Amino acid sequence: MRRTLLFRVLVSTVAAVTAVTALPAAAAAGGTPGDQPLPGYTIVNPPLAPATAGGQPTTVKQGTHAHAAYIIEVPAHWNGDLVMWAHGYRGQGTVLTVDPPAFGLRQRLLDQGYAWAASSYTGNGFDIRAGVLSTKDLTDHFGRTVRRPHHTYIAGVSMGGYIIGRALEEYPRLYDGALPMCGVMGDQRLIDYFLDFQLTAGALSGVKTYPAGADYLTSVVPAVQQQLGIAAITPLAPEPTNALGRQFRDIAVNLTGGPRPGAAASFAYWKNFVFSLSAPSASSDTPAQDPGLISTNLFTRYTPNTPVNVNRSVQRVAPEDVYQRVSTRLTQVPKIEGRPRVPVLSLHDLGDMFVPFVNEQQYKADVDRNGRGRLLVQRAVRATEHCEFSPAEAGAAWDDLVGWVRHDRKPAGDRLDARSVAAPDFGCRFSDKAAYATGTRRLFPACP
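Quick note on numbering: the sequence shown equals residues -27 to -1, 1 to 421 in mature numbering (1 follows the signal peptide of the UniProt record, and there is no 0).
Listed below in structure tokens is the structure:
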């Protein structure tokens, strides 16, 4: 397959592909009954023991609806509101599973009187369309089998944040508030970043990195890291041994949110993993199976551009699946326009370089461009792992979202301009000081 298409090929095909209609998800079901998974998938949904809330056991309902497994939990003293939970990426396996809300939110919701529901989605992979549709189907199913809720919230993590961002635009009157955490709020631009990482490493090292071959992880990546002087760096000793490596690190930092506390240590922590994301896919029929099919760096300008002029020497790649890239429809890997109609409160780890902090900056720019900045509050947490939140951080965000939706009390958030993000104490305001000894938080200086 050709991934190094010329710019004129991309431009000439845009008009044609935007006229193509995406295949509805229902068409893939064929004659499969709705209480069964789609062909090729199996469901594992073991019984979830009821929790205790208000001194009484909850009611748990489990089953399969519209080809997806689900869990519904309702407290005895239900307040009439519902929280939909959107899980993250499951990999490319064929077993569908369901998660309850994480970070202590399950018990918190129930104690406060909220019901919650979660779907496995109809398929795995990086399939945002499946997540959006399955979550909506389960919301409707809850209304029919339990009762129509007064308010419906949507919360979730990682790829679940991508699902939330698009669901708010696909069904603008369905949800009343949203809590995406460590979310892919920058939509397709996350996949571009993985490509940027691979291509700039090749341009600086002089080692051909694209397209990745069978020896990519065993031979190519080690050679690249050796040439860039980053093979032996660690979060506690993160300085590359040569100027090429320092330029590569600085490019990666700028691609992921700009200079900020913990950036050098985070680069060292994540470098091996991010390189691995460009390894050849065993199955690449669709963007859900290989998101790299929609990635491009045709318009990306890299900084810093010295000592090597990367912008002149880097290989330029056009998206192979042009339709999925340019379509405004609900595709497997769709666009998020940044048009929420309800309050959105997000959390993101400052040092995450898998789903990097720049996703929040990109989403903010989209929302501001559409004149909806009043509906967005964003908070940074000083941690480096992906989705590394304490129950106190997630719980405070949830409580503040509810106060915003129900009482119009807009909560505080962080400023995401470059100067604010680069400040030594950025991320301290909403980070749980009691959690400083846990996880990767000690890669950041302690907050005052």
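The beta-carbon is built from N, C-alpha and C at its ideal position, and this holds for glycine as well.
Being a predicted model, the structure only gives us computed values, none of them experimental.
Assignment of residue 118 by DSSP, reduced to helix, strand and coil, places it in the helix class. For the pair residue 416 and residue 238, the CB atoms are nearer than the 8 Å cut-off. Nearest Cα to residue 345 within the set 374, 325, 413 and 315: 315. Per DSSP, the continuous beta strand (DSSP E) segment holding residue 32 begins and ends at 32 to 38. Of the residues 58, 30 and 65, the one whose Cα lies closest to the Cα of residue 15 is 65. Out of 359, 395, 387 and 373, the CA that lies nearest to the CA of residue 412 is found in 359.
Fully contained in the segment 328 to 414 are the following beta strand (DSSP E) runs of length 3 or more, in chain order: 349 to 354. DSSP places residue 296 within a helical segment (H, G or I) once states are collapsed to three. Take residue 202, set aside five residues on each side of it, and the residues of its chain with a beta-carbon closer than 6 Å to its own are 213, 214, 215 and 218, in chain order.
Annotation note: the segment 165 to 195 contains no uninterrupted beta strand (DSSP E) run of length 3 or greater.
The Cβ neighbour count for residue 19, taken over all protein chains shown within 10 Å, is under 16; the residue is labelled exposed.
It is roughly 43 Å from the alpha-carbon of residue 105 to the alpha-carbon of residue 281.
Spatial neighbours of residue 406 in its own chain (CB-CB distance under 7 Å, excluding positions within 5 residues in sequence) are listed in chain order as 420. For residue 57, the enclosing beta strand (DSSP E) starts and ends at 55 to 59. Between the alpha carbons of residue 264 and residue 135 lies a distance of about 14 Å. In chain order, 260, 293 and 294 place their CB closer than 6 Å to the CB of residue 266, counting only its own chain and leaving out the 5 sequence neighbours on each side.
Looking at the DSSP output, residue 125 shares a beta bridge with 55. Note on residue 17: under 16 other CB atoms within 10 angstroms of its CB, so exposed under the neighbour-count rule. For secondary structure counted as the beta strand (DSSP E) over 3 or more consecutive residues, the segment 56 to 108 holds these complete runs in sequence order: 88 to 92.
In the three-state DSSP reduction, residue 276 falls in the coil class, being neither helix nor strand.
Contiguous beta strand (DSSP E) elements confined to the segment 201 to 242 do not occur, taking only those with 3 or more residues.
In the structure shown, the three-state DSSP call for residue 140 is helix.
Residue 98 and residue 199 do not touch by the CB rule: their CB atoms are close to 34 Å apart, not below 8 Å. Per DSSP, the unbroken beta strand (DSSP E) holding residue 319 starts and ends at 317 to 322.
Around the beta carbon of residue 322, a 10 Å sphere encloses 16 or more other beta carbons of the protein chains shown; the residue is thus reported as buried. Per DSSP, the unbroken alpha helix (DSSP H) holding residue 283 starts and ends at 283 to 286.
With contact defined as three or more Cβ pairs closer than 8 Å, the segment 42 to 55 and the segment 75 to 88 are in contact. Between residue 229 and residue 102, the C-beta gap is not smaller than 8 Å, which leaves the two residues out of contact. As the crow flies, the alpha-carbon of residue 170 is around 26 Å from that of residue 137. Here residue 153 carries a strand assignment [DSSP, helix/strand/coil]. Contact between residue 378 and residue 149 is confirmed by a C-beta separation of about 5 Å, below the 8 Å threshold. Relative to residue 160, the option among 387, 308, 187 and 123 whose CA is nearest is 308. Residue 267 carries a helical assignment under DSSP once its states are collapsed to helix, strand and coil. Its chain contains no residue whose beta carbon lies nearer than 8 Å to that of residue 272 once the 5 sequence neighbours on both sides are disregarded. Between residue 270 and residue 373, the gap from beta carbon to beta carbon reaches 8 Å or more.
In this structure, residue 83 places its C-beta atom within 8 Å of the C-beta atom of residue 24.
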